[in-house]
Structures are given as structure tokens and as C-alpha cells.
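Asks: Protein chains in written order, with this note's numbering: chain A, 10 to 488; chain B, 12 to 491. We put the CB at the ideal spot given by N, CA and C, even for glycine.
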């Protein structure tokens, strides 16, 4: 394996977040009864015609911009011909020689290094329906077809063969996902089939210029499967090459149960899609003016936001990375940061304690019971000395459990930090009186024992004492 | 009332004068059509219930003193490649022999909105592919003028019902001459409007970039009225035109004096006298009406047939993929695997000509051949269109024959597809260029067979075309 290098290109398919389908006005909503979100157009009934939705073009163009691609002034839909029962027209309406956008890129970070992955093209297409092979009493004899998905708008994002490891592939796939989510182009909910990819994988000897023969693994719908499929392919292909064989060009399917890819069809059996321009649609014309408006209306993209977090808030690269891992996380963090006076602390709370609680709870940031503003308030309470760090840590899970603000909880539980010298002196006196041995050690020169005494005071005060004040009083009284 | 000869104005006049109600007329029209149909096999399906319901609506409007629409009460046949909600639409194919659409074509909606009464669905060549109506899975149509002859195709049934008098007007479709050629064979008026003038929504696609819906009638005025009712932008067809629709019928009376007419020399070379003489006699009448006639040239004409059969078959190969037995239509009962289901359903369901065109089209689009065939054909199509654009810089309209020969005998050419394809020579160019063109009767051959004269104008100049045809019809006296 060490003498080989893997070459990977990904084709990512993402569902655009339009409310309606690309060529008709049926809803794209998920989970409806089979064959209810359908009309003559998406059923491919005889005589029905597609009409391109403006909203789909807008989202497609936004996606292309988010991927740093050049949206083309003219793009043309084409028919991609093949037979399948859930493909009701007998062809998919896609784009072929004149795609929506060309020549983009994304930067990925792997092992502390940044690498630019080229994007060849972004094109638009309609999705097919779904074949249901089980779940019915006669499923052993029949396949059922649900056409609710038919006509769902997709963009396909084709990368250059620039990817050199499974980790890079996963990172690139994730960056594409982030870009599309940030740009509000796609919800990218993988469980709902919003995002999937095909991986073209080949091996070559390190230093070789020519690419090896590739296998295309179809329909990978999770980061884990993508990684597993690539790694399986790398091993499989190296094994063939090492035993003197030749990798054959073919399409393969990934079996998630076995973690293996299996041959689906060879090059000889490959479809001849017989592309030709879709005569039912006119070419898509995009004006420079419209593109300018579109760009102006776009939200900040993850890479730009990451840079801003570092520059504006002084975050560490690592924290900025995590906090821009999703638009929701970034938005949450910024709300918390604005509500506090210390963005770095806000980052620590979000990346640390909050992330931990959410993870244990199996929740995502939009479901956080703690409003971002409460984190801001907590930081303010610490900064003003009203809460100790220790108290804050104690309160945080209560904020999570109840959704109450930190001041409400502190008030209710009487957990205000005591900085009042008079009140603290009384406690300090008690502790000095009840710990003569430690007092003697301190006076004998073992000054580190003061930590123990501070701890006793804190305990006595149920953690409410301001440790700095306690320290000062103790040092004064033990002179 | 002679039901077989009625025109739209006569129907509307009779209704206004209360000579008959729409329901009475419809009942009689259905009875007559059903009684006469066995002679020609022009109708495949009658839609009595729908027709009588539409007639009742017209009567209700009359009773309420409301406008009944430009087609109010008019009995109409619709070619069976145009979908009709709840009325079987077979495309004259075995594969759709049981297909009942859940929606109406836009043209059908508009026709009924204008008060039209759909009597039934007209026979045609399977999926509109053919020039003789012998390719119908439900038997050929006989030409009402000479029952041993073909009515032309593919809209043979739509032409025959008008010639036979079993509908006042009808809708057909034209991809390479499928309206004009049968109109000329049956001696009636047939109009192919500008591409995009009439919505294709609900027209079962044959070759999408060439398909047109258009009217048949016994008078030019009736075609103008019918086209006016169905034309105009439709948001459901991205290729439908936004161009405003003039009141064609109201413009018919304008003079044609001083209009310049061109005779493309390529269309007259080698034309048999039985047809050529009739066309030239027609040109003489137009001259007498004050038109100026010159010879023009459309130099790329000789490439038209090759170009047409590449583009149309390519589009056919994709358009007919949806008929696979999976979701609707006829599924072969013999199949154990998915692949067999496709092969058997399509093998049993499609006729010879349809299969021939699917195979040709799949070939011209296949990997490595696309540039040599499809792409080149598109370039030639542009050249052919430019020929017309240049010609229309010199003249207002072109006059040509519709078909090199009149209606031939049933069975005469059925085994010679190339000869059959060549018979479209004068009509396919208009479709390739997307310009309006029509066939207007111009007398008969010595054997008494109808001959049609073709009038072509530039895009959206249907008004000029109708005016010429109407003035000619009045002067020449050739009505069906």
C-alpha cells in the first residue's frame, strides 16, 4: 500500500431546499403517503411538459457561488436516457455539455494542512422516484414505486480528481455540505436523502503521472460509508495490482452491512445515456445583474466566517473550525458572544460544557435548552465577580436542565458569590480556629497549606466565597 | 339543416335562431357520426357523455343570455394523441389501448372553454408516425372521397371526419406534414400554426421540437376561428409563445392586393402535372386577386428529409421511453424479469413504424454518433430556417404543393417506408423552420382526387396566411 497513491474524485448530489419540485408545483415535503405529492408532470404522464422553476435556478446558482464556481450566462438542460421503473419519463432531465456553473474550488483542512480541491462543474437535474423492494406482503414478487421524490431538484457537484486520501474525501464532502447549508441552498439532511455522493477511486504508483483505472462507487449517503468504501476500494485495487492483475473500469455498490463494495456493472455494460438537449425547455439565461444581486443576498460562507471569528474574536483556529462546523453552531456562538463581553469565554462554553451536555443528550445545537443569551449572561456574572468559575460550572447543568437564566438559578438557590469582607472574615476566623494544626504548619513556613484553608472556607460557604478575597484575608490574618 | 356540411357560423346562427338547441345538435351529430363511422373508421372513441354535458352548458348560457363562445355548440373531433380527461386516449397504439388520462390538454380546455363540443377521438397513425393512417393499431382510416384510398397521415381521422361531415371541425397534430397532407388528400383545410403558437401541454410527444397542434375545417374561416380559440401562451408549456393572438377570423376580409408571393423552384421541379397543374391554376387565381408572383429559391431543401428523420427519430427515442409497461398502459403478461417486462411490453405494444423510428433515433444519439448525426442535423435545420428567413425578406408568402401526389390506394406504399418518408418532402420544411403553413383545397385531379395548395408565411404571420387562403377560397370556390 505504501508505494501506491489513491486518486479520488467525488460527485456530490444535493437536494435544493425549494418548497416545490423543479419542473412542476408539487411539494417536496418528506414523509407524505406514497404517490400523493404527484401530478401529470412528475408522474411523466403522456403529454405532460416540464416548466423550470425559477426558485430552483436561484438556489442552484447560490450553491455554485458558495462553491466558488462561475455561474454560466447560458446553460442547457439535456435528457439522460435510461430505463428504470422509478424513472417515469424514461430519461432524467439533467445538464450535459452546458452546465449551470464551472471551475470552482473548496479548501479542506486535513492533519493541520490546508489543501485546495478543484470543482469541475455544478449542474442541475431532477431526481427519480423510489423503488420499494420490501415491506409489503407480496414484496417477494413485486417492487413498488413511490414517485413523491420524482422531480425533486438536485444539484450535482463534480470535483476534480484532486483528493488523495479517504480523510480528504470526507473533509471535502463535509466542506461541500457546510457551504450548501450556510448558503441556505440545501438542508443536507442525510437521513432524508438530501445529500449523497459517488466516489471515483483509482490507485497509481507514487510519482506516476497517469491515473490508474477507476471504479465508481455509487450512492454513498454518510461520511462513514464514504470513508469505508474508499478504504475498501484502495485495498481491493492494490491487491489486484500487487497480484499482477488489472483493475477494470466499472460501477460498484457499497454494502454497508459488510463494509464492502460489489460490482454493479462493467464498462461494457455501462449505460449509453444518449444525451441530447431537452427540447421541452428553453436555455437558462443568467444575467450579470441578477448574479450580482444574488451574491449580495447571500449569507456569509463558512470559510469567510471562520476567518472572521479568528480575526474579530481572537479565537484559536481549532475553536473557529468547530464553531463554523454548522451554520447553527456559528449563529449560536455569535449570539452568545454578543451577549457577553468575552467572546473567547463564550467559545469555551459552547465548545466545551454545552457541546458535552448536548452530546450526552443526543441533541444538536438548535435544540439546546440553553438560549445563547444565557451563556452571555453567565460570562457577565463571572466577569463582574458575582459568580465564581466554580459556581458557574455548577449552575451550567441546571441552566441546561431547566432553561432558566443563570441569575434566576443563582437567586433561587442562594448561590451568589460572597465578596463581602465582613461576612468572609467571620468564616475565615472559624476555619482558623478549627484547624490549629494547619495554621501551625503555615506559620512554620509551609505556605502551600493555605490552599487547604481556602478550600475549607469555600466549603463552609457552599462555594459562594470569592476565592481571591478569601486568599487575601487568610494571608493577612496568618501573618 | 345538412349536418354534414355545417360551418361554425351556421351552427351559431342556428342556435341563436333557436332552430336547434346545442343538446339537439350534439345528439344528432353523435348519431350521424356513429352511423357513418364504419365507412371510414375515422373515430376511435366517442365521448357522448362529455359532449352532451358540454352542450347542456351551452344551452344554459343561451337561456341566460350569456355569450356562448367562439366555438359555442360546435361539434369537434380531437386527434387521439391529444389527452382528454376521463376519455380514453390511445395514440392509436396497442400499448395505450387501455389508457384513460387524468387531465385535459390545454388545447382541449380552451376548446371547451370557447363552447366547443368534443364528439370523440379521431384515429391516426400510431403516435402520429406515418403518412397514410395505415399505422393505426386499430385499423386504417378510409378516405371519405375515395374509400379505397388513404386519407393521408398521420392526422387521417381528423381530416376524414371533416371531409365526411361527421364533425364540423377537428384538431390534429403536425410534426412533418401530418395536418396538411391529410387535409390535401381529403380536400379540406388544414393548418399548422407557428411552433409555440398553440400549447403542446397534453399533446403526447412525438418529436417535441417539431410537434404542433392545429385545426381542420371545411372553410378557411372555421380554421381561423378554431385556431383563435386555442392559441396563446400557456404557462405549462415552456416553448409556448408570448406573442399576442390576433382575431384571425376578423382579419379575413382584408384585401390581398399587392401581396408578394414566392414560388420556391425546388418545390416544383419534377412535380407531376396532375398536382402541378392544379397549383399553377391556384397561383393564377391569386394573381387575379392582385398578388405579385415571383420565383424564389430555398437552396437547402434537398437536405430536409435527412435532417428531419434524424431530429424527429432522436426525439422519438426519448419521448417514447415512458411507455414501458411499468406505470400505465399495457404490460406484457409474459415477463418474469424487469428487462423482459420492458422488452415484451414494448415489443408487443408498439407497431413496426414506431419501433423503426425508436431504433433509428437511438442509433443517431448513441455514443460517438451524436456529432455526425444529431448535431449536424441541427446545423442544417438552422440553414433551412435561414432559407425561409431570406425568402420572406422578398415575399409575404410562399405557395407550394402539399404532396407530390394525391391520395394513394390503401396498401400501395405500406411496404416501402422510404417512399413513404419522401412523400413528406414539401411539408417537413415548414415544421423544421417552425413557420405557419396550411393546406387549402385547390381542385381535383382528372381522377377526381383532391389536391391541396400549401401557403407558408413567416413566424406568427398566420393572419396573412389565413387572408390569402380565404380570398383564394372565395375566388376559387373550392370548399369541401
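Going by DSSP in three states, residue 196(B) sits in which element: helix, strand or coil?
Replies: Residue 196(B): helix per DSSP, three-state reduction.
Asks: Do we get a CB-CB distance below 8 angstroms when we pair residue 77(B) with the residues of chain A?
Replies: Answer no: the Cβ-Cβ gap between residue 77(B) and chain A never drops below 8 angstroms.
Asks: At the level of alpha carbons, what is the spacing between residue 136(B) and residue 241(A)?
Replies: Straight-line Cα distance between these residues: approximately 55 angstroms.
Asks: Could you pull the start and end residues of the beta strand (DSSP E) that residue 88(B) belongs to?
Replies: Where residue 88(B) is concerned, the enclosing beta strand (DSSP E) stretches over 86 to 90.
Asks: Out of 439(B), 118(B), 61(B) and 473(B), point me to the one whose CA is closest to residue 191(B)'s CA.
Replies: The residue with the shortest Cα to Cα distance from residue 191(B) is 439(B).
Asks: CA-CA distance, residue 491(B) and residue 362(B)?
Replies: In this predicted model, residue 491(B) has a pLDDT of only 46, less than 50, meaning its place in the structure is not dependable; the value taken from the coordinates is given anyway. C-alpha separation (whole angstroms): 33 angstroms.
Asks: Nearest to residue 55(A) by alpha carbon, out of 198(B), 144(B) and 217(B)?
Replies: Nearest of 198(B), 144(B) and 217(B) to residue 55(A), Cα basis: 217(B).
Asks: Would you report the Cα separation of residue 332(B) and residue 45(B), rounded to the nearest angstrom?
Replies: Their backbone Cα atoms lie some 35 angstroms apart in a straight line.
Asks: Quick check on the burial criterion: 16 or more other C-beta atoms within 10 angstroms. Buried or exposed for residue 189(B)?
Replies: Result: buried.
Asks: Quick one: does residue 363(B) have its CB under 8 angstroms from some CB of chain A?
Replies: Chain A, which has no Cβ nearer than 8 angstroms to the Cβ of residue 363(B), makes this no.
Asks: Locate the alpha helix (DSSP H) running through residue 112(A), then write down its first and last residues.
Replies: Looking at the DSSP string, residue 112(A) is not in any alpha helix (DSSP H); the run it does join, the beta strand (DSSP E), is 110 to 119.
Asks: By how many angstroms is the C-alpha of residue 86(A) removed from the C-alpha of residue 62(B)?
Replies: So the two alpha carbons sit approximately 40 angstroms from each other.
Asks: Per the contact definition of three or more C-beta pairs closer than 8 angstroms, is the stretch 34 to 42 of chain A in contact with the stretch 221 to 236 of chain B?
Replies: Contact fails: fewer than three Cβ-Cβ distances are below 8 angstroms.
Asks: Which whole runs of the alpha helix (DSSP H) in the stretch 268 to 343 of chain B are 4 residues long or more, in chain order?
Replies: With a minimum length of 4 residues, the continuous alpha helix (DSSP H) runs that stay inside the stretch 268 to 343 of chain B are 284 to 299 and 315 to 330.
Asks: State buried or exposed for residue 373(B), treating a residue as buried only when at least 16 other CB atoms are found within 10 Å of its CB.
Replies: Buried, by the Cβ-count rule.
Asks: Measuring alpha carbon to alpha carbon, tell me which of 391(A), 400(A) and 131(A) ends up nearest residue 165(A).
Replies: Comparing Cα-Cα distances from residue 165(A) to each of 391(A), 400(A) and 131(A), the minimum goes to 131(A).
Asks: Got a sec: which bits of the stretch 277 to 296 of chain A sit with their beta carbon under 8 angstroms from any beta carbon on chain B, in order along the chain?
Replies: Result list: 281, 283, 284, 285, 288, 289, 290 and 291.
Asks: Let me know the beta strand (DSSP E) ranges lying completely inside the stretch 146 to 213 of chain A, each 3 residues or longer, listed in chain order.
Replies: Counting whole runs of 3 or more residues, the stretch 146 to 213 of chain A contains the beta strand (DSSP E) stretches 153 to 155 and 162 to 168.
Asks: Measure the CB-CB distance between residue 462(B) and residue 456(B) and report whether it falls below 8 angstroms.
Replies: Result yes, Cβ atoms of residue 462(B) and residue 456(B) sit closer than 8 angstroms.
Asks: Would a check of beta-carbon distances place residue 220(B) closer than 8 angstroms to chain A?
Replies: Chain A contact via Cβ: present.
Asks: Could you give the distance in angstroms between the alpha-carbon of residue 309(A) and the alpha-carbon of residue 315(A)?
Replies: Looking at the two C-alpha atoms, the distance is approximately 10 angstroms.
Asks: In chain A, which residues lie less than 7 angstroms from residue 325(B) when you measure between Cβ atoms?
Replies: Chain A residues near residue 325(B): 285.
Asks: Taking 8 angstroms as the CB-CB limit, is residue 215(B) close to chain A?
Replies: Closer than 8 angstroms to some Cβ of chain A, the Cβ of residue 215(B) qualifies, so yes.
Asks: Is the Cβ of residue 60(A) closer than 8 angstroms to any Cβ of chain B?
Replies: At least one chain B Cβ lies under 8 angstroms of residue 60(A).
Asks: Just mark residue 177(A) as buried or exposed, buried being the case when its beta carbon has 16 or more other beta carbons within 10 Å.
Replies: It is buried - the Cβ of residue 177(A) has at least 16 other Cβ atoms within 10 Å.
Asks: Are residue 444(A) and residue 462(A) close, meaning C-beta to C-beta below 8 angstroms?
Replies: A contact, by the Cβ cut-off of 8 angstroms.
Asks: Does the beta carbon of residue 201(A) sit closer than 8 angstroms to a beta carbon anywhere in chain B?
Replies: So no, residue 201(A) is outside the interface.
Asks: Out of 449(B), 465(B) and 186(B), which has the shortest C-alpha to C-alpha gap to residue 411(B)?
Replies: When each option's Cα is compared against that of residue 411(B), the closest is 465(B).
Asks: Using a Cβ-Cβ distance cut-off of 8 angstroms, determine whether residue 56(B) contacts chain A.
Replies: No, residue 56(B) does not count as interfacial toward chain A.
Asks: Give me the Cα-Cα distance between residue 209(A) and residue 18(A), rounded to the nearest whole angstrom.
Replies: So the two alpha carbons sit approximately 5 angstroms from each other.
Asks: Within a Cβ cutoff of 7 angstroms, which residues of the same chain sit near residue 289(A), ignoring the five residues on either side of it in sequence?
Replies: Closer than 7 angstroms at Cβ, skipping near neighbours: 58 and 59.
Asks: By Cβ distance, which residues of its chain are closer than 7 angstroms to residue 341(B), with the 5 residues on each side in sequence left out?
Replies: Within the same chain, residue 341(B) has close Cβ partners 105, 106, 108, 109, 356 and 360.
Asks: So is residue 134(B) buried or exposed if we call it buried at 16+ other beta carbons inside 10 Å?
Replies: Classification of residue 134(B): buried, given that the 10 Å Cβ count is 16 or more.
Asks: With distances taken between CB atoms, is the gap from residue 238(A) to residue 260(A) smaller than 8 angstroms?
Replies: Going by C-beta atoms, residue 238(A) is not nearer than 8 angstroms to residue 260(A).
Asks: What does the Cβ neighbour count give for residue 385(B), buried or exposed, with the cut at 16 atoms within 10 Å?
Replies: That one is buried.
Asks: By DSSP, does residue 396(A) sit in helix, in strand, or in coil?
Replies: Three-state DSSP puts residue 396(A) in coil, outside helix and strand.
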